[in-house]
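Trainee:
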Amino acid sequence: MQRICHLFCISLVMVTLGCDIQGPPPAANRPLGPPRPEGAPEIPERFVWRPSFNTTVGSASKSQVVGSAFAVDVQGSNEPIIVTALHLFGPATGLETDIHPTQWRDVIERVALTDAFGSTDGIYHIASAFEIADESEAQRWIDQDLIAFHQGSRLGPKALKLADLPEGSSVLPKDQRIWMVTAVYGGASPSQKCHEARVISHDQDGKLVYRFAVDDLSLRATEGAPLVTDAGEVIGIHLGGTASDEGVEGWGNAGTPFQETLQSLFE
Numbered sequence: 240m241q242r243i244c245h246l247f248c249i250s251l252v253m254v255t256l257g258c259d260i261q262g263p264p265p266a267a268n269r270p271l272g273p274p275r276p277e278g279a280p281e282i283p284e285r286f287v288w289r290p291s292f293n294t295t296v297g298s299a300s301k302s303q304v305v306g307s308a309f310a311v312d313v314q315g316s317n318e319p320i321i322v323t324a325l326h327l328f329g330p331a332t333g334l335e336t337d338i339h340p341t342q343w344r345d346v347i348e349r350v351a352l353t354d355a356f357g358s359t360d361g362i363y364h365i366a367s368a369f370e371i372a373d374e375s376e377a378q379r380w381i382d383q384d385l386i387a388f389h390q391g392s393r394l395g396p397k398a399l400k401l402a403d404l405p406e407g408s409s410v411l412p413k414d415q416r417i418w419m420v421t422a423v424y425g426g427a428s429p430s431q432k433c434h435e436a437r438v439i440s441h442d443q444d445g446k447l448v449y450r451f452a453v454d455d456l457s458l459r460a461t462e463g464a465p466l467v468t469d470a471g472e473v474i475g476i477h478l479g480g481t482a483s484d485e486g487v488e489g490w491g492n493a494g495t496p497f498q499e500t501l502q503s504l505f506e
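Convert by adding 239 to the 1-based position in the sequence shown; the result is the number in the numbering used here.
1. Using the three-state DSSP reduction, which class does PHE497 fall into: helix, strand or coil?
2. With distances taken Cα to Cα, identify the nearest neighbour of LYS397 among GLU284, ALA279, PRO276.
3. Among VAL448, ILE371, TRP288, ALA299, which one has its Cα closest to the Cα of PRO340?
4. Could you tell me whether the stretch 374-390 touches the stretch 319-338, using the rule of 3 or more Cβ pairs below 8 angstroms?
5. Quick check: GLY306 and LEU334, are their CB atoms within less than 8 angstroms of each other?
6. By how many angstroms is the C-alpha of ASP345 removed from the C-alpha of THR567?
7. Considering only residues of the same chain and omitting the five flanking positions on each side of ARG459, which have a CB-CB separation below 7 angstroms?
8. What separation, rounded to the nearest whole angstrom, lies between the Cα atoms of LEU352 and PHE286?
9. Is the beta carbon of PHE497 less than 8 angstroms from the beta carbon of GLY445?
10. Give me the Cα-Cα distance between ASP469 and ILE417, rounded to the nearest whole angstrom.
11. Per DSSP, what kind of secondary structure is SER505 in: helix, strand or coil?
12. Classify PHE505 as buried or exposed, calling it buried when 16 or more other Cβ atoms lie within 10 Å of its own Cβ.
13. Could you compute how far the alpha carbon of ALA368 sits from the alpha carbon of THR481?
14. Please go through the same chain and pick out, in chain order, the residues whose beta-carbon is closer than 6 angstroms to the beta-carbon of ARG379, but skip the five residues on each side of it.
15. Report the rounded CA-to-CA distance for PRO405 versus ASP442, giving the unit in angstroms.
16. With a floor of 3 residues, list each beta strand (DSSP E) that falls wholly inside the stretch 290-359, ordered by position along the chain.
17. Residues in the same chain with beta-carbon distance under 6 angstroms from ASP455, minus the five sequence neighbours each way, listed in chain order, please.
18. Can you have a look at GLY395 and say buried or exposed, based on whether 16 or more other CB atoms are within 10 angstroms of its CB?
19. Kindly indicate which residue of GLY486, SER457, VAL438 has the alpha-carbon position closest to the one of GLY494.
20. Hey, out of GLU472, VAL304, ALA377, whose CA is closest to ASP312's CA?
21. With DSSP run on the structure shown, which of helix, strand or coil describes GLY491?
22. Given that a residue counts as buried once 16 or more other Cβ atoms are within 10 Å of its Cβ, and exposed if not, what is ASN293?
23. Quick check on DSSP: helix, strand or coil for SER375?
24. Would a C-beta distance cut-off of 8 angstroms place LYS432 and ILE282 closer than the cut-off?
25. Looking only at C-alpha atoms, which of LEU466, VAL467, HIS434 sits nearest to PHE451?
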C-alpha cells in the first residue's frame, strides 16, 4: 500500500509541475525524415494541387483524392496553365468512359483544385480545358496522357517553368536524378514536397521509367504530379507506379514529346 501511495504522489507532483508523463508518440505520428531532402529543389506553395471534377459521364469528388495536378509556365502563354494526367478523366476514377480530347470542352463541366499540402484550405474552381479540335493533335495528348486547363481568375498558382533540355538530345540519361513533387500518404512526411527517383529508362517517345529512393513510398493519389529536375524545372509528368522486391518504380512521360505537346497550345 505504501508503494502505491508513493507512486501516486510522484505522479501527482509531475502533473502539478506540468511534466509530460506520456510515452513516445505512436510510430505513425513520428517524423519520417526531413521535409526537404538534401539536393531537392525549392518548391513554391500553390504549385501542386488535388483535382476534383464533374463531367457528363461521372464525377470525382474532393473526398476521393484521385490524383495530383500542377501549374507550369509555357512559352507563349501570358499565364500559367494547369496540367494533370488525362487518364484521371476516365474509368480509372470511376467515370463511365474516357474523355477524348476533342470532347473536353463539352463533357467536362467543372474542375476544382485544393492545395496538395494544405497551405490554403480553399477550393478553387478553374476555367475550362483547352480546346483540341484537330484529331491528329488529339492523339498526341492521348499518347502523352496529358490534359491542360486555363487557370481561371482566382487560383493564383505559383508555376515552375519547363526544363531546358540539352540540345540534340530528347532522352534523359540512365541514373539521372529527378523529383516527383506532391504530398504522399506513406514513406515520407506529409509536408515533404520532393521525392527522389533515378531514371531507369527513357525512350524517344517520352516514356520514362524510374525508381524511387524510398522503398516503401506510397504512390496513392500521385498520378498527375510533376517531375522536376535538381534545378526546379518541370521535366515531365508522373503517371503511375508499382512496388516490387526491388523497390518502388514509377513511370511517366518526359522530355521533348512532353514539352512539345504543351507548347502546341500556343503555336
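Glycine included, each C-beta is placed from N, C-alpha and C at the ideal position.
Mentor: The relevant details are as follows:
1. helix
2. Ranking the options by Cα distance to LYS397, first place goes to GLU284.
3. ILE371
4. Judged by pairs of C-beta atoms under 8 angstroms, the stretch 374-390 touches the stretch 319-338, as three or more such pairs exist.
5. No. Outside cutoff.
6. Outside the modelled stretch of the chain, which goes from 240 to 506, sits residue 567, for which no answer is possible.
7. TYR424
8. 11 angstroms
9. Yes, Cβ-Cβ distance for PHE497 and GLY445 is below 8 angstroms.
10. Going from the Cα of ASP469 to the Cα of ILE417 covers about 7 angstroms.
11. Strictly speaking, residue 505 in this sequence is Phe, with Ser absent from that position. Of the three classes helix, strand and coil, the one that applies to PHE505 here is helix, per DSSP.
12. exposed
13. 29 angstroms
14. THR500
15. 15 angstroms
16. 297-299, 308-312, 320-324, 347-354
17. GLY426
18. Per the 10 Å Cβ criterion, exposed.
19. VAL438
20. GLU472
21. Here DSSP, grouped into helix, strand and coil, assigns GLY491 to strand.
22. exposed
23. helix
24. yes
25. HIS434
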